[in-house]
Amino acid sequence: MKESPMKEDFMKHASPPPRFSGPSLQPINPNLLLPPPRLWFITVTLLIALLFDLFPLSEMLTPWRPELVALTLLYWCIWAPRFIGVSVGFLLGLVMDVANGSALGQHAFAFTLLAFGADYFRRRVASFPMWQQMVFVALLLELCALVVFLARMMSGGALSFGVVYFIVPLLTALLWPLMQFLLQWQQRRAALSD
Amino acid sequence: MIPGDPPPYLYRGPSILARFVFFALLSLSLLLVDTRYQHLEKLRAGIALALYPLQQLARWPRTMMQEVGVYFTSKEMLEKQNTALSWLLLDQGHMVQEAQTVQQENARLRELLQLKAQTPRNTHAVEMLYDTRDPFVQKITIDKGQTHGIMESSAVLDPYGVIGQVTHVSPFTSDVTLLVEKNHTTPVQVERTGMRSVLYGMGAGVPMELRFVSPAADVLVGDRLVTSGLGSVYPPGLAVAIITAIDNDAEQSFVHITARPTAGVASSRYLLVVDALPLTPTLSSPPSPPEKNKSRSRPPVNRKVP
């Protein structure tokens, strides 16, 4: 295995490395350098995601709508755990249930689970490279879909849906980099103005 | 350290796991109560009210697009549409006149036979807000609610027949469960013979089933099924479905009959809600005996007789 240039760089330096400025073996995640997000921005982004979900689509497109509310919630659970957590997930889920006309508690349960998963793994996920983050997001969304599916089956739900139900979480996970870019807007601006 | 991470020496409420367990159990019990007992209508209506401005806002771009689209519709197309509609009106006007004569005749005959007069029902023209969004339930949302006088369990029609039944009423919107929703039952009769039965929804994309028909019954492929009016939720005589296949299995005591709904072919956006109760309900009318049988054969979910 060829050693990374970063590591060679590290070897060239005098050892032991300076205590605080030593280069790490992993590239620094640029997210860590941003100032913390503001509550108003978090609220606005969640509302916009909800608006996107409420936007009427045609019959053909409706099942393919990406779960932007879930994705936004996931993002803030990782990057703003002070504001957004399990309880916000639960409330957001209730709103989604009413908006979709689905059984109350269906999305609430999914989003509670999603928020917990994101919060539990957030330290690890924050240091992941992008593709690993996307895999993590896809897994979490799929797990949610599966658990909701089981919960609905046990509470007497009817099963009238196709494979699309399990494809949409994967498509949603593909939007993760874009979402990250958009949701960092306020923080980037704040960092620039400093 | 991750931004926003609290220092560990600050107590920040119950642990994340405890909070997760609490909310997960809460949502699961909500799910159970809502699907089994339907006692959460107030909560649902409250959230729906809060959500209404957002819904209107989300609809705004499409409404705008439509208005712009109408503005730029060519004159030729409008003329074409106008001609088609005129022909349709002429065609149906003739039928309406006939229907009026038949109605009067019917009323007179009923009087002669001393039957209870059929009371007219109130109708509301509504627009579909959302198509089916929940992968588990065949439901649509319409743009009128309690404040417009929409009642729970009213029938919802498109130009070709019944599409479903109002199941949740919020102040400004209502949810309509489609007939094809699994285990949704509709009391119907075969138009040709008048034989009564119950039509079961089997889920989206799956043909509906006409149940409890004995092998000796006179049913043919292509027979139209209309609402029977039993249970007095639907007015009688609304088109519901057409029989597509009859599978006469000698081993079973009932015939396996499948049907496809007549409505929803073009999935029109404008619908008609027919009230579940007549305009002037007569209090003295005793509950009809078939009501009892039906409530036994149908599952408790999805169906409420007022």
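For the protein sequence lines, the chains are A and B, in the order given.
For the first sequence, numbering that gives the first Met the number 0 begins at 0 and goes up steadily by one.
For the second sequence, numbering that gives the first Met the number 0 begins at 0 and goes up steadily by one.
Every residue, glycine too, gets a C-beta built ideally from N, C-alpha and C.
Please state if the CB of residue j and the CB of residue i are separated by a distance shorter than 7 Å.
{"i": "residue 160 of chain B", "j": "residue 262 of chain B", "result": "yes"}
{"i": "residue 155 of chain B", "j": "residue 149 of chain B", "result": "no"}
{"i": "residue 54 of chain B", "j": "residue 46 of chain A", "result": "no"}
{"i": "residue 128 of chain B", "j": "residue 260 of chain B", "result": "no"}
{"i": "residue 186 of chain A", "j": "residue 33 of chain A", "result": "yes"}
{"i": "residue 122 of chain B", "j": "residue 271 of chain B", "result": "yes"}
{"i": "residue 154 of chain A", "j": "residue 34 of chain B", "result": "yes"}
{"i": "residue 246 of chain B", "j": "residue 61 of chain A", "result": "no"}
{"i": "residue 77 of chain A", "j": "residue 121 of chain A", "result": "yes"}
{"i": "residue 126 of chain B", "j": "residue 269 of chain B", "result": "yes"}
Give the interface partners of residue i over in chain B, defined as CB-CB distance under 8 Å, in chain order.
{"i": "residue 137 of chain A", "result": "The contacting residues do not exist; residue 137 of chain A stays about 18 Å from chain B at best."}
{"i": "residue 68 of chain A", "result": "Residues of chain B passing the Cβ test: none, with the nearest at roughly 12 Å."}
Once the 5 residues before and after residue i are set aside, which same chain residues still bring their CB inside 6 Å of it?
{"i": "residue 106 of chain A", "result": "92, 95 and 96"}
{"i": "residue 66 of chain A", "result": "171"}
{"i": "residue 103 of chain A", "result": "96"}
{"i": "residue 190 of chain B", "result": "223 and 225"}
{"i": "residue 168 of chain B", "result": "144, 145, 149 and 151"}
Report the neighbours of residue i on chain A: residues whose CB is nearer than 9 Å to its CB, in chain order.
{"i": "residue 65 of chain B", "result": "The contacting residues do not exist; residue 65 of chain B stays about 11 Å from chain A at best."}
{"i": "residue 129 of chain B", "result": "53, 55, 56, 61, 98, 99 and 100"}
Of all the CB atoms in chain B, is at least one closer than 7 Å to the CB of residue i?
{"i": "residue 105 of chain A", "result": "yes"}
{"i": "residue 192 of chain A", "result": "no"}
{"i": "residue 39 of chain A", "result": "no"}
{"i": "residue 164 of chain A", "result": "yes"}
{"i": "residue 177 of chain A", "result": "no"}
{"i": "residue 198 of chain A", "result": "Absent from the model: residue 198 of chain A. The displayed extent of chain A is 0 to 193, so no value can be given."}
{"i": "residue 180 of chain A", "result": "no"}
Which chain A residues are close to residue i, counting only those with a beta carbon under 8 Å from its beta carbon?
{"i": "residue 141 of chain B", "result": "Chain A residues near residue 141 of chain B: none, gap ~10 Å exceeds 8 Å."}
Excluding the 5 residues flanking residue i on each side, which residues of the same chain have their C-beta closer than 7 Å to its C-beta?
{"i": "residue 221 of chain B", "result": "241 and 242"}
{"i": "residue 18 of chain B", "result": "none"}
{"i": "residue 37 of chain A", "result": "185"}
Going along chain B, which residues have a C-beta under 7 Å from residue i?
{"i": "residue 150 of chain A", "result": "27 and 30"}
{"i": "residue 111 of chain A", "result": "19, 22, 23 and 26"}
Got a sec, what are the start and stop residues for the beta strand (DSSP E) residue i sits in?
{"i": "residue 160 of chain B", "result": "160-168"}
{"i": "residue 154 of chain B", "result": "154-157"}
{"i": "residue 55 of chain A", "result": "Unbroken run through residue 55 of chain A: none, as it is neither H nor E."}
{"i": "residue 269 of chain B", "result": "269-273"}
Quick check on the DSSP output: the alpha helix (DSSP H) that includes residue i runs from which residue to which?
{"i": "residue 141 of chain A", "result": "129-153"}
{"i": "residue 72 of chain A", "result": "67-78"}
{"i": "residue 226 of chain B", "result": "Careful: residue 226 of chain B lies outside any alpha helix (DSSP H), inside the beta strand (DSSP E) at 223-226."}
{"i": "residue 99 of chain B", "result": "74-112"}
{"i": "residue 65 of chain B", "result": "40-70"}
{"i": "residue 124 of chain A", "result": "105-125"}
{"i": "residue 85 of chain A", "result": "85-99"}
Measuring only between beta-carbons, confirm whether residue i sits less than 7 Å from chain A.
{"i": "residue 241 of chain B", "result": "no"}
{"i": "residue 41 of chain B", "result": "no"}
{"i": "residue 282 of chain B", "result": "Residue confidence is low: residue 282 of chain B scores 47 on pLDDT, short of 50, so the model does not pin down where it sits. Its coordinate-derived value is still stated next. Taking Cβ atoms only, chain A never reaches closer than 7 Å to residue 282 of chain B, which makes this a no."}
{"i": "residue 258 of chain B", "result": "no"}
Might you give, ordered along the chain, the residues of its own chain that have their beta carbon closer than 8 Å to the beta carbon of residue i, omitting 5 neighbours on each side?
{"i": "residue 32 of chain B", "result": "38 and 39"}
{"i": "residue 142 of chain A", "result": "112 and 116"}
{"i": "residue 136 of chain B", "result": "176 and 180"}
{"i": "residue 11 of chain A", "result": "Because residue 11 of chain A carries a pLDDT of 48, less than 50, the predicted location of this residue cannot be relied on, and no value is offered for it."}
Under 7 Å Cβ-Cβ, which residues of chain A neighbour residue i?
{"i": "residue 138 of chain B", "result": "100"}
Is any non-hydrogen atom of the ligand GTP found closer than 6 Å to the C-beta of residue i, if you look at the structure I gave you?
{"i": "residue 105 of chain A", "result": "With respect to the ligand GTP, the structure offers nothing, as it holds no ligand at all."}
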